[in-house]
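This report concerns only the one structure given below.
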Amino acid sequence: MGLKKSNAVVNYQGHETFMPYVLNRTTGAVNADFQVVLRNHGMTLLHWRVLAFLRETDGLGISALANAAGVDQATLSRALTVMETAGYISRQPSATDQRVLEIHLLPAGKKQFNKVLPPAWAIFERAVKGLTDKEQHELQRLLKKVWGNFA
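Quick note: the sequence shown, position 136, residue 136 per our numbering, numbers continuous.
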């Protein structure tokens, strides 16, 4: 009895059509430009994510913020220490549960976010150049659908 080829072997047409490769290369290209912007502002990608999430929802707990940022709590705590020293955020006990620390965005953090946003937005605009609004929404929808397969 002969071996049956798997769908992977039959369907694979090279790395340029392999979606994980294309996603990885695309993410790498966008992040390379973004890392330069962040470095020029004395920030890391995690610092940016924290500022962005707190701008959307101030007062998140460490667990929720770590989950949103896609990092473990220990990594986030080290970043928060740097950001607290810079005056971007504060950590305060929750009014309802003193064991829970809430992270708050301070005026300096809002200012830093607003300072980095224009060059960050320019990278976004470069990434979607040539895509219609409809295509941009469809791309977002499809990427979220793929991401959801791993949730």
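From the three backbone atoms N, C-alpha and C, an ideal C-beta is built for every residue, glycine too. The structure presented is a predicted model; accordingly, all values stated were derived computationally and were not measured.
Next item on the list: Could you name the residues of the same chain whose beta carbon sits closer than 8 Å to that of Tyr21, not counting the 5 residues immediately before and after it, in chain order?
Entry: His15
Item checked: Where Arg91 sits in the DSSP three-state scheme -> strand
Notebook entry, point to check: In terms of DSSP beta bridges, what is Gly28 paired with?
Noted result: Answer by DSSP bridge pairing: none, since Gly28 is not bridged.
Check: Between the C-alpha atoms of Lys110 and His41, what's the straight-line distance to the nearest angstrom?
Finding: 14 Å
Check: Going by other Cβ atoms of all chains shown within 10 Å of its Cβ, with 16 needed for buried, is Tyr12 buried or exposed?
Finding: exposed
Next item on the list: Could you pull out every unbroken alpha helix (DSSP H) segment of at least 4 residues lying fully inside the segment 63 to 108, listed in chain order?
Entry: 73 to 85
Item checked: Extent of the continuous alpha helix (DSSP H) run through Gly148 -> Asp133 to Gly148
Margin query: Let's see if you can read the secondary structure: which residues bound the alpha helix (DSSP H) around His47?
Written below: Leu45 to Glu56
Item checked: Contact under 8 Å by Cβ, Arg49 with Leu105 -> no
Next item on the list: Please state if the CB of Phe34 and the CB of Ala120 are separated by a distance shorter than 8 Å.
Entry: yes
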